[in-house]
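This report refers to the structure that appears directly beneath it.
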Amino acid sequence: TINELLGNGDDSKKQSANNQTQTKQPSNRQDRSVTSPSSPIVVDGDFEYALSECSGRGATVKCSLRVTNHGQDTDLTFNCDPRMQSNDNVTRAFDNFGNESSAGPCTLSNGKQSLLGASVAAHLVSGVTVPASLQFANISPSASALSLITISAASDTRFVMRVSFRNLPIVR
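Numbering (the numbering used here), first residue to last: 25 to 196.
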């Protein structure tokens, strides 16, 4: 009706609409019990990291991903050193029991980390997707998920990059 269009409609309808608006406000509470994986794709600068799967056997978990450079051709380096625990500058994972494991060995494109090396590097051509893998050897054999993976990386233009994935199921 014209009265409703002009705002002169039934006051009980207005009150009901106002009450509905008030009850739809978002909650500030965060639910920490969510177990579904976060987005398997993370974009950091010019780089897109797409996690495929984390598979485990015993205490070892290997995560496969694909990396795409959307910027200019550049070198990308993953900092992986299984000898360094509790270090923010290395790629590492935490399982759902809280155990921490540094990554190693790691691969990026067809580059493989040497046994004594602390990193793996590859030249990434713009727009070309390359495979990568991260292996974690200190994960609980009973773990069903990786609560956090942080990839520590560097490129020609960015000296420090940290890319994180959360709540990733382990396929056993």
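Where is the CB? At the ideal position from N, CA and C, for every residue including glycine.
This one's a predicted model, so the numbers in the text were calculated from it and none came from an experiment.
Which whole-angstrom value describes the C-beta separation of residue i and residue j, a residue pair presumed to lie in contact below a C-beta threshold of 8 Å?
i: Thr153; j: Thr92; result: 4 Å
i: Ala161; j: Ala83; result: 6 Å
i: Val85; j: Ile194; result: 6 Å
i: Val149; j: Asp97; result: 5 Å
Please state the DSSP three-state secondary structure of residue i.
i: Pro193; result: strand
i: Pro106; result: coil
i: Pro50; result: Since pLDDT at Pro50 reaches only 33, below the 50 mark, its modelled position is unreliable, and the value read off the structure follows with that caveat. If DSSP states are grouped into helix, strand and coil, Pro50 belongs with coil.
i: Ser175; result: It is worth fixing the name first, because residue 175 is Ile in this sequence and not Ser. Strand.
i: Ala127; result: strand
i: Val149; result: coil
i: Val85; result: strand
i: Phe160; result: strand
Looking only at DSSP bridge pairs, what is residue i linked to?
i: Asp68; result: Phe71
i: Gly95; result: According to DSSP, Gly95 bridges with nothing at all.
i: Asp119; result: Leu170
i: Gly135; result: Leu132
Please name the residue in the options whose C-alpha comes closest to that of residue i.
i: Phe71; options: Ala127, Gly80, Ile175 and Arg196; result: Ile175
i: Ser157; options: Met185, Pro165, Ser133 and Leu170; result: Ser133
i: Arg116; options: Ser168, Asp99 and Ala142; result: Ala142
Item to check | the segment 110-125 touching the segment 70-77, judged by at least three CB pairs closer than 8 Å | outcome: no
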